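Have a look at the structure below before the remarks.
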Amino acid sequence: MVMETLQIRLTKGLIAEIQKLVDKDIYSSISEAVRDSVRRLVLGKEDKIVVPEAKEVQEKIKKEIKKQLQKPTGTIDFYPEEMATRKAIFRKFMAVAERYNFKQIETPAFENLSLLTQKEGEEIKQQIFTLEKRGEEEFGLRFDITVPAARMFIEKQKELSRPVKWFYLTRMWRYERPQQGRLREFYQFGTELFGSNKPEADAEVISLLIDSFRALGLTEKDFFVKVNNRKLLQGLLEGVIEKGDIFEIISVIDKKSKITDDEFDEELKRIKVNEENINKIKTIINIKDINEIKEYCNNDLSKEGLEELKSILNLLKGKKEFLRIDLSTARGLAYYTGIVFEAYDKNEKYRALAGGGRYDKLIEMFNGEPTPATGFGMGYATLSLLLKEKGLIPTIDSSPDYFIAIINDEVREKAIEIASNLRKKCKVEIDLMQRNLGNQFKFANKIGAKKVIIVGPDELKEGKVKVKDMETRKEEEVSLDNLFKNT
RNA sequence: GUGGCCAUAGUUUAGUGGUAGAAUACAGGACUGUGGAUCCUGUGGCCCGAGUUCGAUUCUCGGUGGCUACCCCA
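Residue numbers (my numbering): 13 to 499.
Encoded structure:
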């Protein structure tokens, strides 16, 4: 046997893997293992020298790789179709926001942990994705944008002319158990309006919210917005019960729509509300007509809240078919101070599509100059569930204008040249698989190419190509000059 | 954080205590200068670990992951 010497360079990692096989006595040495691999590769499957344990090791490696490929919990991939859909939806949001003259902002994905945890209690702290500590600083991924936006606002509050109208369309992270309409990484569209304490500002963001849904084709048959006022609710409750337990009661009221009547009574009894007051609370939160509320308002707070609510509804008269007064909408977050609202699908099948309200104290909580603010946030996950149900997911035509079919190698270069010429203006796909013509047509058909350009030696000699319309199936010879001119 | 259901090719799934079929998708051929149909071929799989067993993809337990409800919530 004639032997030749050959030098092969291997990566460290690969050598380590091979060493493992040697350690297991599957091979006597590294070079023996390499020789065997080469033999297998050259001789093919049939003649390979099968070492059962080596096969097992290979399986294990395969499984390990598979495990590494696992996507983190609560995240989703956007394949081209989904990406196109999302882009189309986001474009519509953007268009609406811009028509309202809101300006888009973006904040860092992570912020100082202390900033993120400042406004909220323990609950939200557990939901923050914290980053590994580097030096003295601790960071966390943003879980909403209200806080970072407030930071941005405060940094420039002296120079910004009011009202400041910002919108965002970006992703957030929350460490939670995923469920329908909720992920750990999610997209949100929303607005923040700083500097106006007038009902006009609230009406503006609510109006924008409604128009955003409408831009997607949703109508008053598909969604509605529950509106309430925290001052009103709080004032009404204070009229019924002694102070102190108000916030606990509000949190029970907030979930009323999710639980049965009996459970609602139970919850209130547990926090020591007596039966008489339970009935009073029920009566109050079931009021649907704004004119009826007045007779229950026996203190300044509730009167003030009622006035605010009234003027907002007045300003939104043109959209009243989308609005519903709901005194049980409280929203959990403690920082809301006035109007609060939530958008739902008409059957309330899904969780809230969007939510927001007025938060006049937040800026000063972060040591900014006291500034009133209002806004909303809308999640993409729940929204897309509703759009899917209503058949309103936008379909995007991603098909190319041309597919360039190549007859043989002789004309390949020329075909590529034609492609790059056409690509100055058109969407062009070209054969990258060296397929035969039949399969090239099959492929062109599959990707929905509108026309196929056949580049063949015969026509090319006359400076021409064949162009076939895939729909009419008609074919014509076109000179290259005309082809470029007409496109 | 708590509970329920589930885990088999890329996807949808059938099935079994003796390591697995189908449909679809993908690649190719029939048809090397013409697509959507048809036929054929190929590629590709039992989530991980431990236990029971001669033998586990199947049974048991644990883990991981998915879906979902609760908690909470923009």
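Ideal Cβ positions, reconstructed from N, Cα and C, are used throughout, including at glycine.
Please read all numbers here as calculations on a predicted model, not as lab measurements.
What are the boundary residues of the beta strand (DSSP E) that residue i is part of?
i: T182; result: 176 to 185
i: I465; result: 463 to 467
i: I88; result: Looking at the DSSP string, I88 is not in any beta strand (DSSP E), and its letter there is neither H nor E.
Over the uninterrupted alpha helix (DSSP H) stretch that includes residue i, give me the two end residues.
i: K233; result: Taken as a continuous stretch (DSSP letters only), K233 belongs to no alpha helix (DSSP H), as it is neither H nor E.
i: K422; result: In the sequence as displayed, the identity of residue 422 is Glu instead of Lys. Unbroken run through E422: none, as it is neither H nor E.
i: P399; result: With the sequence shown as reference, residue 399 is identified as Leu, and Pro is not the correct amino acid for it. Residues 392 to 401.
i: E483; result: Counting along the chain, E483 falls outside any alpha helix (DSSP H), and DSSP gives it neither H nor E.
i: F276; result: 273 to 282
i: T203; result: Element bounds for T203: not the alpha helix (DSSP H) but the beta strand (DSSP E), 197 to 206.
i: G317; result: 312 to 327
i: I408; result: Premise fails: I408 is in no alpha helix (DSSP H) and is neither H nor E.
i: V159; result: 158 to 167
i: I101; result: 92 to 111
i: V440; result: First-last for V440: 440 to 442, but that is the beta strand (DSSP E), not the alpha helix (DSSP H).
i: L404; result: From DSSP, L404 is part of no alpha helix (DSSP H); its letter is neither H nor E.
i: T295; result: 287 to 297
i: S173; result: It is not in any alpha helix (DSSP H) - S173 carries neither H nor E in the DSSP assignment.
i: E503; result: Because the chain here runs from 13 to 499, residue 503 falls outside it and cannot be looked at.
i: N303; result: 302 to 305
i: I258; result: 258 to 266
In or out: residue i buried (at least 16 other Cβ within 10 Å) or exposed?
i: V54; result: Any reading at V54 must be qualified, since the residue scores a pLDDT of 41, below 50, and its modelled position is unreliable; the value itself is stated next. With fewer than 16 other Cβ atoms within 10 Å, it is exposed.
i: K177; result: buried
i: Y392; result: buried
i: K168; result: exposed
i: G330; result: exposed
i: P384; result: buried
i: G450; result: exposed
i: G147; result: exposed
i: N240; result: buried
i: S491; result: exposed
i: I459; result: exposed
i: K358; result: exposed
i: A342; result: buried
i: T499; result: exposed
i: I293; result: buried
i: E58; result: Unreliable placement is indicated for E58, whose pLDDT of 36 sits below 50; the coordinate value is still reported in the next sentence. By the neighbour-count rule (16 or more Cβ atoms within 10 Å), E58 is not buried but exposed.
i: T407; result: exposed
i: E489; result: exposed
i: L398; result: buried
i: L249; result: buried
i: M573; result: Past the edges of the chain, shown from 13 to 499, lies residue 573, and the structure says nothing about it.
i: P469; result: exposed
i: I261; result: buried
i: I116; result: Note that residue 116 is Gln in the sequence shown, not Ile. Counting Cβ neighbours within 10 Å, Q116 comes out exposed, since fewer than 16 surround it.
i: N301; result: In the sequence as presented, Asn is not what sits at residue 301; that position holds Asp. Answer is exposed; the Cβ neighbour count stays below 16.
i: P211; result: buried
i: K497; result: exposed
i: V62; result: Legend: pLDDT at V62 = 42, less than 50; position of this residue unreliable, value from coordinates given subsequently. Under this definition V62 is an exposed residue.
So what does residue i bridge to, in DSSP terms?
i: V490; result: V477
i: N456; result: Note on identity: in this sequence residue 456 is Ala, with Asn being the wrong assignment. Partner(s): none; A456 has no beta bridge.
i: F353; result: V239, G368
i: R336; result: K238
i: N124; result: F151
i: I416; result: I442, I465
i: K115; result: W178
i: A215; result: Answer is none; A215 lacks a bridge partner.
i: A385; result: F206
I believe residue i touches residue j by the beta-carbon criterion, under 8 Å. Please report the beta-carbon distance rounded to the nearest angstrom.
i: Y187; j: I136; result: Between I136 and Y187 the Cβ distance is about 10 Å, and since that is not below 8 Å, they are no contact.
i: F122; j: F151; result: 4 Å
i: K400; j: L313; result: That belief does not hold up - the Cβ atoms of K400 and L313 are roughly 42 Å apart, past 8 Å.
i: K426; j: L472; result: 6 Å
i: R163; j: L125; result: At roughly 13 Å, the Cβ-Cβ gap does not stay under 8 Å, so R163 and L125 are not in contact.
i: E354; j: K238; result: 5 Å
i: I419; j: I442; result: Actually they do not touch by this definition, with Cβ atoms about 13 Å apart.
i: I299; j: I305; result: 5 Å
i: A107; j: A227; result: 7 Å
i: G247; j: C309; result: 7 Å
Exercise. Between the segment 373 to 381 and the segment 249 to 265, are three or more C-beta pairs nearer than 8 Å?
Worked result: Two segments are said to touch when three or more pairs of C-beta atoms, one from each, lie closer than 8 Å; by this definition the segment 373 to 381 does not touch the segment 249 to 265.
Exercise. Is there contact here, the segment 317 to 331 with the segment 348 to 355, by at least three beta-carbon pairs under 8 Å?
Worked result: Note that the segment 317 to 331 touches the segment 348 to 355; at least 3 beta-carbon pairs, one per stretch, sit closer than 8 Å.
Exercise. Is it a yes or a no for the segment 265 to 273 touching the segment 326 to 340, going by three-plus beta-carbon pairs under 8 Å?
Worked result: The segment 265 to 273, when compared against the segment 326 to 340, does touch it at the 8 Å Cβ threshold.
Exercise. Quick one: any contact between the segment 463 to 473 and the segment 408 to 426, if contact means 3 or more CB pairs under 8 Å?
Worked result: The segment 463 to 473 vs the segment 408 to 426: in contact.
Exercise. Taking three-plus beta-carbon pairs below 8 Å as touching, is the segment 200 to 208 in contact with the segment 146 to 160?
Worked result: Yes, they touch.
Exercise. Can at least three beta-carbon pairs, one atom from the segment 209 to 219 and one from the segment 274 to 287, be found at a separation below 8 Å?
Worked result: The answer is no - the segment 274 to 287 does not touch the segment 209 to 219, with fewer than three Cβ pairs under 8 Å.
Exercise. Do three or more CB pairs link the segment 180 to 199 to the segment 81 to 89 at distances below 8 Å?
Worked result: Short answer: they touch.
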